[in-house]
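Student: So in the working numbering, spot 340 of the sequence shown is number 1421, and the numbers just go up one at a time. Note that CB positions come from ideal geometry on N, CA and C, so glycine has one too.
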Amino acid sequence: MASGGGAVREVGSKAELDEAVGGARAAAVHFWAAWCEASKQMDEVFAHLAVDFPHALFLRVEAEEQPEISEAYGVTAVPYFVFCKEGKPVDTLEGANPASLANKVAKLAGPANVAESAAPASLGVAAGPAVLEKVQEMAWQNGSSASESTLKKRLEQLVNSHPVILFMKGNPEEPRCGFSRKVVDILKQEGVEFGSFDILADNEVREGLKKFSNWPTFPQLYCKGELLGGCDIVIAMHESGELKDVMKEHNIPLRQQGSKIEEPVISESANEQSTEAIGLTEAQKARLESLTNSNSVMIFIKGSPEEPKCGFSGKVVHILKQEKIPFSSFDILTDDEVRQGLKVLSNWPSYPQVYIKGELVGGSDVVMEMHKSGELKKVLTEKGIIQQESLEDRLKALISSSPVMLFMKGNPDNPRCGFSSKVVNALRGAGISFGSFDILSDEEVRQGLKTYSNWPTFPQLYYKSELMGGCDIVLELEKSGELKATLSE
């Protein structure tokens, strides 16, 4: 029952597994689950490894059906691999990483039996042609989607790991390029406490961050998870005094050299200051007021909506576009008189600045919070800039927001009822991409959708804005093998 000839044996009990592993010089145990799409992909790699390493024993365990085995080997997520030698576990691997799997099997079982096959540098060991072909096929077909998703999460965690973080060459004590050194010196001079990451120590982060931030060079400075910019922008912000203003606006404590932390101070109301006292001429004031009133929604940003020059500006543009709010913009980098004068007029120290009918709403933090709470759309509706959306229009927009749309309890990664979980698993098992909406988060949508669809329960699945049905119908389509075909017509 061993894996000779390229077979992979499925294990049905702990006693059977113990006997198999105990009698094998080298064994690899794959824990999987029927609902896990990654496990299905890794099954193919696992089978190819059995061909390339015929002297090793390859065993597969259905994790959910064999809880005793899963518990004994400490399995908490699938796919999961345990590598045994002389009857004892010597290594493990969690997650769908074909290259790492091939490495560990080769290390355990020795080089593949096909001498003419050499692994690419990413595998690091000699592997047979079957697994190499599969690894390369998955990389090309999936665009390394699993690793890209993992990298994106890692980058998000890194940029949010400190209120202010600098991605640089070297470290603050030993910068490895002049641009990185310059930004470090500025931050220290401004009294900004910051974290740092040496991009020379991790090429995955170095290359990934360029795409993540849409910024091709280093250093990159982030504040509260948003990109401020590179060396040139930091220098300009420092020289204009705007860097300190941005830190205060985002409640970043500042420390003067040799002194205690300078806490951010909330400025007085602009109404309490006279134009004469703050140095604006009547002509300057008139020009600025004309600009702020030049459109119902006016944003003063760095760069343009198509090419924002800082993360905060990009975030505001994204929110307005997402809300489908018509707006005009002004690039404050092109006019220093406007850039400096507007700070005075609005008594708001940094950019972007958002105005609605000539009145300052605030900067990126304020707009993001209003967007998140729904206040932004409410204000725009009250001021007559956008029309109030009816519940029916809102439901239609939600239903059509994705070709395949699931209204469920919870979200795909954390379903809040068994029926929702079954539908998610069925869709993922069929390889179907879908959008979702948590009806527990919005009672208006929850009740309204029952009437709109004339379907009293959840989940509800829609395809091209037409109701397919609930859990029972989806499971029937899955059982008959028609689910993917039906949702791909």
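By the 10 Å Cβ neighbour count, where 16 or more other Cβ atoms means buried, how is A1107 classified, buried or exposed?
Tutor: Reading the sequence shown from its first residue, position 26 is the one you call residue 1107. Buried, since its Cβ has 16 or more Cβ neighbours within 10 Å.
Student: So what's P1160 in DSSP terms, helix, strand or just coil?
Tutor: Numbered from 1 along the sequence shown, position 79 holds the residue referred to as residue 1160. Three-state result, P1160: coil.
Student: Does the beta-carbon of H1129 have 16 or more other beta-carbons within 10 angstroms, so that it is buried, or is it exposed?
Tutor: Here residue 1129 refers to the residue found at position 48 when the sequence shown is read from its first residue. Its Cβ being crowded by 16 or more others within 10 Å, H1129 is buried.
Student: For V1171, I'd like the list of residues in its chain whose CB is within less than 6 angstroms of its CB, leaving aside the five on either flank, ordered along the chain.
Tutor: Counting from 1 along the sequence shown, the entry for residue 1171 is found at position 90. Within the same chain, V1171 has close Cβ partners F1164.
Student: Are the beta-carbon atoms of S1277 and M1249 separated by less than 8 angstroms?
Tutor: Numbered from its first residue, the sequence shown carries residue 1277 at position 196. Numbered from its first residue, the sequence shown carries residue 1249 at position 168. Yes; because the gap between Cβ atoms is below 8 angstroms, this pair is in contact.
Student: Under a Cβ-count criterion, where at least 16 other Cβ atoms within 10 Å of its own Cβ denotes burial, should Q1147 be classed as buried or exposed?
Tutor: Working through the sequence shown from its first residue, we reach residue 1147 at position 66. Burial call: buried.
Student: Take the Cβ of Q1238 as the centre, count every other Cβ of all protein chains shown within 10 Å, and call the residue buried at 16 or more, exposed below.
Tutor: Position 157 of the sequence shown holds residue 1238. Classification for Q1238: exposed.
Student: Pull up the distance between the alpha-carbon of R1509 and that of F1127, whole angstroms please.
Tutor: In the sequence shown, the residue the question calls residue 1509 occupies position 428. In the sequence shown, the residue the question calls residue 1127 occupies position 46. Those two C-alpha atoms are separated by around 21 angstroms.
Student: Per the contact definition of three or more C-beta pairs closer than 8 angstroms, is the region 1381-1397 in contact with the region 1300-1314?
Tutor: Yes, the region 1300-1314 touches the region 1381-1397.
Student: Between K1490 and I1520, is the Cβ-Cβ spacing less than 8 angstroms?
Tutor: On the sequence shown, position 409 is the one that residue 1490 refers to. On the sequence shown, position 439 is the one that residue 1520 refers to. It is a contact, given that the beta carbons lie within the stated cut-off.
Student: Considering only residues of the same chain and omitting the five flanking positions on each side of K1233, which have a CB-CB separation below 8 angstroms?
Tutor: If you number the sequence shown from 1, residue 1233 lands on position 152. Counting only Cβ-Cβ distances below 8 angstroms, and skipping sequence neighbours, we find G1289, F1293.
Student: So, at 6 angstroms on beta carbons, what are the nonlocal neighbours of K1531 in its own chain, with the 5 sequence-adjacent residues on each side left out?
Tutor: The count along the sequence shown starts at 1 and reaches residue 1531 at position 450. Same-chain partners within the cutoff: P1537.
Student: Report all residues from its chain with a CB closer than 6 angstroms to the CB of Y1533; omit the five preceding and five following residues, and keep chain order.
Tutor: One-based indexing of the sequence shown puts residue 1533 at position 452. Excluding residues within five positions, the ones whose Cβ falls inside 6 angstroms are L1476.
Student: Put E1143 into one of helix, strand or coil per three-state DSSP.
Tutor: Against the sequence shown, residue 1143 aligns to sequence position 62. In this structure, E1143 counts as strand in the three-state DSSP scheme.
Student: Less than 7 angstroms between C-beta atoms, sequence neighbours within five positions excluded: which residues of the same chain meet that for K1438?
Tutor: Taking the first residue of the sequence shown as position 1, residue 1438 is located at position 357. Closer than 7 angstroms at Cβ, skipping near neighbours: S1377, K1464.
Student: Whole angstroms is fine: what's the gap from E1285's alpha carbon to L1189's?
Tutor: Counting from one through the sequence shown, the residue named residue 1285 turns up at place 204. Counting from one through the sequence shown, the residue named residue 1189 turns up at place 108. One C-alpha to the other measures close to 27 angstroms.
Student: Distance, Cα to Cα, E1100 vs S1517?
Tutor: Residue numbering aside, residue 1100 sits at position 19 when the sequence shown is read from its first letter. Residue numbering aside, residue 1517 sits at position 436 when the sequence shown is read from its first letter. C-alpha separation (whole angstroms): 45 angstroms.
Student: Since A1107 is in the beta strand (DSSP E), which residue starts that stretch and which ends it?
Tutor: Residue mapping note: residue 1107 aligns to position 26 of the sequence shown, counting from 1. Segment 1107-1113, the beta strand (DSSP E) holding A1107.
Student: For G1360 and R1368, I'd like the C-alpha separation in whole angstroms.
Tutor: Start at 1 with the first residue of the sequence shown, and residue 1360 comes out as number 279. Start at 1 with the first residue of the sequence shown, and residue 1368 comes out as number 287. The straight-line gap from Cα to Cα measures roughly 14 angstroms.
Student: Considering E1456, what are the terminal residues of the alpha helix (DSSP H) in which it resides?
Tutor: On the sequence shown, residue 1456 is found 375 positions in, with the first residue counted as 1. Element bounds for E1456: 1456-1463.
Student: Could you check how far apart the C-beta atoms of F1488 and P1540 are, in whole angstroms? I think they sit under 8 angstroms.
Tutor: Start at 1 with the first residue of the sequence shown, and residue 1488 comes out as number 407. Start at 1 with the first residue of the sequence shown, and residue 1540 comes out as number 459. F1488 to P1540, Cβ: 6 angstroms. Contact.
Student: What does the Cβ neighbour count give for H1136, buried or exposed, with the cut at 16 atoms within 10 Å?
Tutor: What you label residue 1136 is simply residue 55 of the sequence shown in a count that begins at 1. The residue is exposed, with fewer than 16 neighbouring Cβ atoms inside 10 Å.
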